[in-house]
Amino acid sequence: MTDHGDDIPEPGRRSRLAELADWTVAGAGEEETPPASEPTPAENPADQLSVARREFARLLGEFRRTAALVPFDAYGSLWTADQNVRWICAFSDEEALARFALAQGDGAREWTYRTILGARLLDVMVPMLPGPAGVALDAGSTDGVLFPPVAGIVPDHVAVDLGETG
């Protein structure tokens with residue numbers, strides 16, 4: 026232990042955040058490189074699932090904190106799609122909603138929508154629907170994301186129990 030005059034012991038082990046802080050910031054024409062001691066996911070296939078789970082958790086957290094555009098159908102109900110699960114269709118911006126409307130062949134009508142916080146969609150709106158339901162963000166786009174009705178995404182009382190998959 027080193028005394029720096031502040032009576033706070035120096036940590037014995039660096040955290041994962043400290044390792045990430047060691048990454049070099051890429052300049053023009055350079056690539057970012059992780060610390061040499063960390064294998065990349067391609068080098069360690071067992072970590073690919075962990076990386077994917079962390080990325081999805083990041084996306085879920087971002088969605089929960091962000092307002093999404095939720096259109097109404099011609100009957101004044103939330104626009105949903107049924108594909109084994111009822112999906113509330115939500116969009117990240119007006120351009121994504123417009124692309125969806127055109128893909129539906131319904132670009133000529135005026136689409137009404139509300140902005141609803143992602144957390145409210147998952148925690149309040151999903152449980153109001155009959156049967157299993159989730160949220161499809163930017164449906165039909167290459168950047169679309171599904172938030173399925175499973176524990177950790179929607180409230181436990183409406184989650185579909187898929188059993189332990191490891």
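If you're matching positions, the sequence shown starts at 26 in our numbering and goes up one per residue. Just so you know, even glycine gets a beta-carbon here, dropped at the ideal spot from N, CA and C.
What number of angstroms, rounded off, separates the C-alpha of residue 138 from the C-alpha of residue 73? Cα to Cα, the separation comes out at about 38 Å.
Candidates 95, 113, 140, of which the one nearest residue 155 by Cα: When each option's Cα is compared against that of residue 155, the closest is 113.
Could you tell me the distance, in whole angstroms, from the CA atom of residue 77 to the CA atom of residue 95? Cα atoms of residue 77 and residue 95: separation of roughly 27 Å, rounded to the nearest angstrom.
Helix, strand or coil for residue 158? Go by DSSP, reduced to three states. The answer is strand: DSSP assigns residue 158 an E or B state.
Relative to the C-alpha of residue 177, which residue among 85, 170, 166, 136 is closest? Shortest Cα-Cα distance from residue 177 to any of 85, 170, 166, 136 involves 85.
Does the segment 122-133 come close enough to the segment 168-176 that 3 or more CB-CB pairs lie under 8 Å? Contact between the segment 168-176 and the segment 122-133 is not established, with fewer than three Cβ pairs separated by less than 8 Å.
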